[in-house]
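**Student:** Below is a structure I'd like to ask you about.
There are 2 protein chains.
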Amino acid sequence: MIKVAVDAFGGDNSPYATVKGAVEALKELSDLEVILVGDEKTINKELENLSFDKSRLSILHASEVIDCNEKPTDAIRTKKDSSLMKAVELLKSSDDINAMVSTGSTGAILAAAVLKIGRIKGVKRPGLCPILPTTSGGIIGVCDCGANTDCDALQLSQFAVMGSLYLHAAFGIENPRVALSNIGTEEEKGDALRKETYAILKEMKNINFTGNIEARELLKGNADLVVTDGFSGNILIKATEGAALETMKLVKKALVKNLKTKIGALFIKKDLYKVKDLMDYNNYGGAVLLGTAKTVVKGHGSSNETAVKNCVLQAYKMEKNNLRQAIATAMQNV
Amino acid sequence: MIKVAVDAFGGDNSPYATVKGAVEALKELSDLEVILVGDEKTINKELENLSFDKSRLSILHASEVIDCNEKPTDAIRTKKDSSLMKAVELLKSSDDINAMVSTGSTGAILAAAVLKIGRIKGVKRPGLCPILPTTSGGIIGVCDCGANTDCDALQLSQFAVMGSLYLHAAFGIENPRVALSNIGTEEEKGDALRKETYAILKEMKNINFTGNIEARELLKGNADLVVTDGFSGNILIKATEGAALETMKLVKKALVKNLKTKIGALFIKKDLYKVKDLMDYNNYGGAVLLGTAKTVVKGHGSSNETAVKNCVLQAYKMEKNNLRQAIATAMQNV
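Chains H and A, in that order, are what the protein sequence lines are. Following our numbering, the numbering of the first sequence begins with 1 at its first residue and continues without gaps. Following our numbering, the numbering of the second sequence begins with 1001 at its first residue and continues without gaps.
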């Protein structure tokens, strides 16, 4: 049995989406157990109209909620009875509960995971790895995307190893193609950190390093994992997300411009919505924190029930396929 | 009279687009003189069918061309008779020719400008500042975008000052809103470099600092200038460009999916092309190198004649409005 704690509060659509998503995941997997963490009364009310295997779902009461506007380090210090901190404490104190999902404040989740749950032995710093859809119909992981603003080459090479193992464990990608985010494709390109990291990555035997990748290639599907520092990695995915959304907004505006375009829109609306769906990374599960002693999946703040379900399935797969153990073994050689 | 040297070779559409673009600029401005640099015979052939004021156009012969696949530092050292190096030498040796435009290799232009033309006194390192269109119909400058991969806070604060003066001189923007590219909006966000830079920018009296900006906000038009290091700045604009193009490709694919969507496409094609035009930064002039002793405008490699014309007009405005002098004065106080 794989046991996953779900922080039922903190996201924009919680507890509705978190409770419903967790229940949907239970229905899909017979060896999954879920512990919903948060206000018991509210959670029970959400559960009232849902049918599920009650023997595999329990509630851990928490009276407080950390919201996205709170300063992470203050929040995790003062709100001991928040759903997030109770979930973290549960993981810390239980040998058989090894994974959690939260759609709450990214900063608070990162701080709580790093400070309270701790790292796998040998991991310098855990890295945040979200998954983006590519326009060729696949996915791409980017690590780190914001857990570490100042990185060194050793950290980046660890992200490469952990990210490769993760893409294999959670998505079944064999021998993931690892690329270094850089400002040119040639080996000598980039800042001091990139040059040093390139030299390390190309010598590593346990990853499939394919060289540098430029930011404009990110969505094309020519790599499975992009390795980057948390600062420029965050810029990379936010710029990508922002530009895609802004472009779709312009397209939408063009469609309602006049009667003629509105008529045209009727014919293509359905297929354009599919483009929007493809770009929506709610459909691809959450971002995982790689290298923490227990599995932590961070869903988008605006996650709906499908996104939450995907996050729970993702946590389940990481545990089922022994990702943490694989990382621990690999870290002995990095 | 403002004299602008135009590197007629090096771009994808040169010399056709460079010669035609330069001539178009001559027609628009009566106090502009253009020196076309490159193979005289080929340039004369391009000029044959164009009508223009011959007294304001001359040719400086150069027998070689630097192409984009050459290593910049090698190219500028070995190809002394290339159109780029001849243009640079012309600027260096002539007191009355103070601006140049090139659509050739970015690396070679940067290397040639920094090493051969030199800096304005007080400027630590010149910064590359491209202009992007915003979805609210305006423009936004981003500096630095790749001239300096490893930056310090002093350099970033100089980019803020030079970029502000540039947006005023070339685009008439009064009191440009300056934002620091960061991974969150709060003052305490970011890596060590961002924290140090924020502290400097907020104390500066000669810029209109508005705080941090996240990458996903870039195209929305809430700032006029984004200040960044050359590494993450390059990632920022390439990710933005890449995601916008990939999204438009998906939209286009959806339009030709089946008979129904093809019919719909007939009604909206024209307006969708306008979206593509809006996103196309050929329409907004080139990237300028801020802080060099003479004015250098770098057009996109794929610049058409309109893009080249815009680059020449941009160089003209920067000279006409005494941007270099304004930077020199400002640098005494940074």
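Even glycine gets a Cβ: it sits at the ideal position worked out from N, Cα and C. No experiment lies behind these values; they were computed from the predicted model shown.
1) For chain H, check one thing: does any of its Cβ atoms lie closer than 8 Å to the Cβ of residue 1234 of chain A?
2) Candidates A:1154, A:1108, A:1315: which alpha carbon is nearest residue 1333 of chain A's?
3) Residues in its own chain within less than 6 Å of residue 1134 of chain A by CB, not counting five upstream and five downstream?
4) So residue 25 of chain H packs on residue 34 of chain H, CB below 8 Å; how close in whole Å?
5) Any Cβ of chain A within less than 8 Å of the Cβ of residue 140 of chain H?
6) Does DSSP put residue 1064 of chain A in a helix, in a strand, or in coil?
7) Is it the case that the Cβ atoms of residue 1217 of chain A and residue 1183 of chain A are separated by a distance below 8 Å?
8) Cα-Cα, which of A:1260, A:1267, A:1308 is closest to residue 262 of chain H?
9) Would you mind sorting residue 1039 of chain A into buried or exposed? The rule is 16 or more other CB atoms within 10 Å of its CB.
10) Please report the straight-line C-alpha distance between residue 1008 of chain A and residue 1236 of chain A, rounded to a whole angstrom.
11) Does any CB atom of chain H fall closer than 8 Å to the CB of residue 1289 of chain A?
12) For the region 142-158 of chain H, enumerate the residues whose C-beta is nearer than 7 Å to any C-beta of chain A, in chain order.
13) For a cutoff of 8 Å on Cβ pairs, would you count residue 268 of chain H as touching chain A?
14) Please name the residue or residues paired with residue 1194 of chain A in a DSSP beta bridge.
15) To the nearest angstrom, how far is the alpha carbon of residue 148 of chain H from that of residue 1295 of chain A?
16) Check whether chain H comes within 8 Å of residue 1231 of chain A, counting only Cβ atoms and requiring the distance to be less than that.
17) So, are the CB atoms of residue 1256 of chain A and residue 1021 of chain A less than 8 Å apart?
18) Keeping to the same chain, check which residues put their C-beta closer than 6 Å to that of residue 1233 of chain A; ignore five residues upstream and five downstream.
19) Residues of chain A with CB under 7 Å from residue 238 of chain H, in chain order?
20) Is the CB of residue 1004 of chain A under 8 Å away from at least one CB in chain H?
21) Helix, strand or coil for residue 1003 of chain A per DSSP?
22) So what does DSSP say about residue 1125 of chain A, is it helix, strand or coil?
23) Say the cut is 7 Å; is the CB of residue 53 of chain H nearer than that to a heavy atom of the ligand NAD?
24) Assess, as a yes-or-no matter, whether the region 1068-1077 of chain A is touched by the region 1118-1127 of chain A under the definition of 3 or more beta carbon pairs within less than 8 Å.
25) Quick one, which residues of the region 1157-1176 of chain A are near chain H if we go by CB-CB under 7 Å, in chain order?
26) Are the region 59-66 of chain H and the region 85-96 of chain H touching by the rule of at least three beta carbon pairs closer than 8 Å?
27) Exposed or buried, what is residue 199 of chain H when buried is set at 16 or more other beta-carbons lying within 10 Å of its beta-carbon?
28) Is there a Cβ of chain H sitting closer than 8 Å to that of residue 1066 of chain A, yes or no?
29) Using a Cβ-Cβ distance under 8 Å, would residue 1012 of chain A count as near chain H?
30) Taking residue 1163 of chain A and residue 1225 of chain A to be in contact with their CB atoms under 8 Å, please state how far apart those CB atoms are, rounded to whole angstroms.
31) What does the Cβ neighbour count give for residue 1298 of chain A, buried or exposed, with the cut at 16 atoms within 10 Å?
32) Please list the partners that residue 196 of chain H has in chain A, where partner means a Cβ-to-Cβ separation under 8 Å.
33) State the DSSP-derived secondary structure class of residue 298 of chain H, mapped to helix, strand or coil.
34) Do we get a CB-CB distance below 8 Å when we pair residue 265 of chain H with the residues of chain A?
35) Does residue 1015 of chain A come out as helix, strand or coil in the three-state DSSP assignment?
36) Whole angstroms are fine: how far does the CA of residue 1270 of chain A sit from the CA of residue 114 of chain H?
**Tutor:** Based on what the coordinates show:
1) yes
2) A:1154
3) 1140, 1219, 1221
4) 7 Å
5) no
6) strand
7) no
8) A:1267
9) buried
10) 30 Å
11) no
12) 146, 149, 150
13) yes
14) Answer by DSSP bridge pairing: none, since residue 1194 of chain A is not bridged.
15) 38 Å
16) yes
17) no
18) 1142, 1144, 1145
19) 1214, 1215, 1216
20) no
21) strand
22) coil
23) This structure lacks the ligand NAD; in fact it carries no ligand of any kind.
24) no
25) none
26) yes
27) exposed
28) no
29) no
30) 4 Å
31) buried
32) The premise fails here: residue 196 of chain H is roughly 12 Å from chain A at the closest Cβ pair, so nothing lies under 8 Å.
33) strand
34) yes
35) coil
36) 52 Å
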